[in-house]
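Following: one structure in structure tokens, then a few remarks.
Chains as they are written, first to last, in UniProt numbering: chain A, 1 to 164; chain B, 1 to 717.
Listed below in structure tokens is the structure:
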């Protein structure tokens with residue numbers, strides 16, 4: 001199977017929080033004690049390239065050459081068959097090396113100090129379902145697809161705009 | 001894959017025993033109500049997601065719907081019927097049986113009918129709306145004209161503005177519009193199924209004009225954003241008309257043939273030059289003119305209004321009339337891609353198939369009943385709707401003028417919906433008998449004599465139709481929790497026990513639904529055969545220029561720039577046949593003395609994406625999206641007042657004060673403070689006197705009133 005990627009269309013993300021809550025529902029997040037895997041950061045217009053207010057929905061980026069995997073001394077982190085960065089929680093020793101290596105702040109730790117992170121809904125993906133955050137997204141900003149399909153969708157969008 | 005892993009991923013399959021059940025969400029606005037796939041294991045919902053086959057929501061949800069598990073399994077759920085044993089306003093209740101509750105309610109309400117007349121009993125329905133036709137029928141069958149709803153502060157005034165103009169409610173025909181003018185609405189948060197339509201339009205080059213004081217997400221994607229001062233929408237619309245007429249962009253033929261009062265209107269809009277309008281609205285004259293030209297010059301153009309924001313001003317109906325007139329002025333009215341006259345099929349969905357709903361809800365002539373609550377105060381409301389004006393309910397309970405209201409049967413009543421929340425509290429204290437029927441134990445329940453627990457949408461079966469003709473009759477995905485029942489279980493049980501004059505209602509839900517749906521060719525039984533819904537059988541394609549066949553249902557038979565109905569009432573202050581612009585009653589222009597000490601405009605009622613009124617505060621998932629109650633304030637204002645992010649601030653008016661945190665954000669327009677309205681401990685609606693209302697609709701002026709803001713020093717609060 002071709003690897004799939006998360007893609008966020010910044011022109012379509014409106015900061016509605018649907019993805020954040022859907023992620024909590026999928027992962028039974030207890031917000032009193034757990035840090036959510038996915039978060040939305042609004043960026044004021046004065047800081048964005050387009051001069052427009054933008055919303056950034058972010059969780060684990062599932063980097064191709066993931067520094068957290070390289071950094072993990074016990075092999076608790078690995079890539080699954082779909083290119084998702086997944087964690088074998090029983091191998092985690094809570095050393096936070098992954099958190100130091102991650103440029104996006106994706107690794108979170110539970111009360112026992114063990115790594116908990118977005119696994120891209122790896123089990124759902126293996127069973128032919130979309131990640132919860134992608135399924136819920138009302139504007140279609142958040143996608144999970146192959147590089148080829150993502151490019152194709154962007155082309156189609158552009159053609160629609162030009163042809164009317 | 002092993003079972004443990006499948007369970008961890010919540011994969012529906014034989015091994016896990018997780019089943020997917022179809023349902024709909026009903027947390028928010030009934031025109032959205034997204035489809036649900038509920039993952040159920042051993043009778044418990046363990047995950048929710050959107051139903052892909054649902055053609056309106058197409059597998060998506062918003063943050064509120066995504067939090068449904070915490071809504072359904074909230075520890076705040078009412079569990080059994082209860083009877084008050086302590087003083088009103090306290091939490092002192094004892095559980096009783098359903099039989100005892102029903103007997104008590106029937107005995108009391110039937111008693112008031114004998115002693116004081118049926119009008120002494122008021123029926124109220126809050127959100128959402130699925131039980132409304134049946135409660136309205138029950139009230140009329142009982143003989144009471146005092147059926148009223150949450151629509152006394154939402155939607156109905158927008159409906160009245162359209163009806164005064166053209167005799168019909170209108171909807172934007174968005175599928176094929178070249179220009180979409182979104183007038184104070186942010187569907188990307190409040191009606192997320194519409195998001196895909198909006199982006200599709202944007203992708204295909206439709207021009208999007210947004211009128212909103214806030215830098216909302218829809219304003220961000222607009223081609224033109226008119227950042228308006230709250231309460232000045234009427235002036236903006238008149239200014240656009242000024243540009244359109246002076247540049248001869250109006251449709252002279254349509255105006256001559258199909259409208260009344262154009263000369264007076266054209267004369268009136270001369271005052272509203274772009275420069276004058278810039279002074280009033282704060283929008284640069286040239287940008288306003290550009291928007292007017294873009295809308296008038298587009299081949300087709302639709303206005304997407306909202307149910308609340310513009311009509312939550314003391315001149316709200318007039319302001320929206322001025323806006324809607326632009327559709328007739330430019331000849332885009334009732335044409336493809338414009339705003340088209342529409343009728344309801346079921347509830348308030350314009351689904352394109354015929355039903356008997358109108359006849360079902362209004363089977364008694366209002367003339368045969370006592371005058372409605374509000375009849376003497378808002379005669380236009382009473383002429384244009386078939387409900388009592390709930391905003392005047394506390395007034396009449398307290399004054400007993402023109403007659404006493406002894407009892408209220410409330411479905412989801414929340415006293416914080418009323419401006420001057422203390423006024424409604426006083427009224428609830430005075431009532432002889434108050435029944436509140438709710439999902440959750442709310443603060444308003446503390447004033448009830450009887451509380452009845454109802455279930456959520458996923459625990460019941462209901463019929464629902466949508467704007468595209470799609471219908472569904474859901475089945476309960478799980479059994480009602482605790483001892484809760486559905487709202488309609490209660491309505492139809494009361495229909496058997498109350499002294500009513502109706503043979504249909506005691507026959508129960510299925511017979512009544514089938515009676516309503518009879519012309520549509522749909523029955524409850526046939527609907528239930530389609531688990532994921534179906535398209536209605538006798539769908540009509542939208543018809544255009546219907547006025548050519550049936551004229552306009554207005555006094556003149558034409559579209560009215562000068563309203564024949566408003567003319568009858570123009571002795572009332574604030575009412576005029578023309579769409580006259582008036583500043584908000586509480587504004588520097590109309591109350592300069594107050595303005596000196598209260599330089600800010602306070603605006604309440606705008607939505608946050610994860611909250612709907614007071615419904616989703618109690619859910620930890622949605623509440624975590626903004627963990628502290630905070631008012632939006634512009635960075636410039638904040639700097640001037642020495643306020644930093646999350647500082648404690650005090651917002652005060654001559655009428656009251658609230659303490660809240662500051663959210664310093666460019667979303668807020670300078671000079672305006674935006675406070676979300678549903679926070680449980682912060683009564684922003686209490687900042688207003690109860691008399692602060694639109695004289696046409698009776699709607700409170702929530703969206704613009706004078707106030708002031710100050711930083712609270714540590715230890716002072």
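By construction, the Cβ of each residue, glycine as well, lies at the ideal position given by its N, Cα and C atoms.
For the candidate residues 704(B), 666(B), 697(B) and 709(B), whose alpha-carbon lies nearest to that of residue 153(B)? 697(B)
With DSSP run on the structure shown, which of helix, strand or coil describes residue 742(B)? Only positions 1 to 717 of chain B appear in this structure, which leaves residue 742(B) out of reach.
Thinking just about the alpha-carbon of each residue, which of 229(B), 95(B) and 76(B) is nearest to the one in residue 583(B)? 229(B)
Any Cβ of chain B within less than 8 Å of the Cβ of residue 79(A)? no
Within the 8 Å Cβ cut-off, does residue 143(A) reach chain B? no
Which of helix, strand or coil DSSP assigns to residue 543(B): coil
Would you kindly work out how many angstroms separate the C-alpha atoms of residue 516(B) and residue 335(B), rounded to a whole number? 29 Å
To the nearest angstrom, report how far apart residue 315(B) and residue 437(B) are at their CA atoms. 34 Å
Counting only runs that start and end within the region 210 to 284 of chain B, where is the beta strand (DSSP E) found for 3 or more residues in a row? 224 to 226
Taking 8 Å as the CB-CB limit, is residue 67(B) close to chain A? yes
I'd like to check one pair, residue 688(B) with residue 419(B): are the Cβ atoms closer than 8 Å? yes
Residue 389(B) versus residue 654(B): straight-line alpha-carbon distance, rounded: 26 Å
Rounded Cβ spacing between residue 26(A) and residue 47(B) (contact assumed at less than 8 Å): 6 Å
Chain A beta carbons: is any one of them nearer than 8 Å to that of residue 606(B)? no
From 168(B), 125(B) and 89(B), residue whose alpha carbon lies closest to that of residue 545(B): 168(B)
Give the residues from the UniProt domain "4Fe-4S ferredoxin-type" (4 to 23) of chain A that approach chain B closer than 8 Å (Cβ to any Cβ), ordered along the chain. 11, 12, 14, 15, 16, 17, 18, 20, 21 and 22
Buried/exposed call for residue 554(B), threshold 16 Cβ in 10 Å: buried
Counted within 10 angstroms of its Cβ, other Cβ atoms place residue 213(B) as buried (16 or more) or exposed: buried
I want to see whether chain B comes within less than 8 Å of residue 161(A), judged by CB atoms only; does it? yes
Nearest residue (CA-CA) to residue 103(A), options 81(A), 60(A), 129(A) and 128(A): 60(A)
Along the region 194 to 207 of chain B, where does the CB come closer than 7 Å to a CB of chain A? Name the residues. 195, 196, 199, 203, 204 and 205
Using the Cα positions of residue 39(A) and residue 58(A), report the straight-line distance between them to the nearest angstrom. 5 Å
Short CB-CB distance (under 8 Å) between residue 52(A) and chain B: yes
Interface partners of residue 220(B) on chain A, CB under 7 Å: 52 and 53
Between the alpha carbons of residue 718(B) and residue 550(B), how many angstroms are there, rounded? The structure shown does not extend to residue 718(B), since chain B is modelled only from 1 through 717, so no value can be given for it.
Note the first and the last residue of the continuous alpha helix (DSSP H) segment covering residue 594(B). 592 to 597
Excluding sequence positions up to five away, which residues of its chain have a Cβ less than 8 Å from the Cβ of residue 85(A)? 60, 62, 63, 66, 68, 69, 77, 78, 79, 117, 119 and 120
Do residue 161(A) and residue 205(B) count as a contact pair if the criterion is CB distance below 8 Å? yes
Nearest residue (CA-CA) to residue 397(B), options 119(B), 60(B) and 24(B): 119(B)
Where residue 208(B) and residue 411(B) are concerned, what is the direct C-alpha to C-alpha distance, given to the nearest angstrom? 39 Å
Taking DSSP's pairing of strands, which residues face residue 631(B) in a bridge? 662(B)
In terms of DSSP beta bridges, what is residue 144(A) paired with? 6(A)
Can you confirm whether residue 138(A), when its beta carbon is compared against all beta carbons of chain B, has any partner nearer than 8 Å? yes
If we call anything under 8 Å between Cβ atoms a contact, is residue 566(B) one with residue 310(B)? no
Does any C-beta atom of chain B lie closer than 8 Å to the C-beta of residue 126(A)? yes
Does the beta carbon of residue 100(A) sit closer than 8 Å to a beta carbon anywhere in chain B? no
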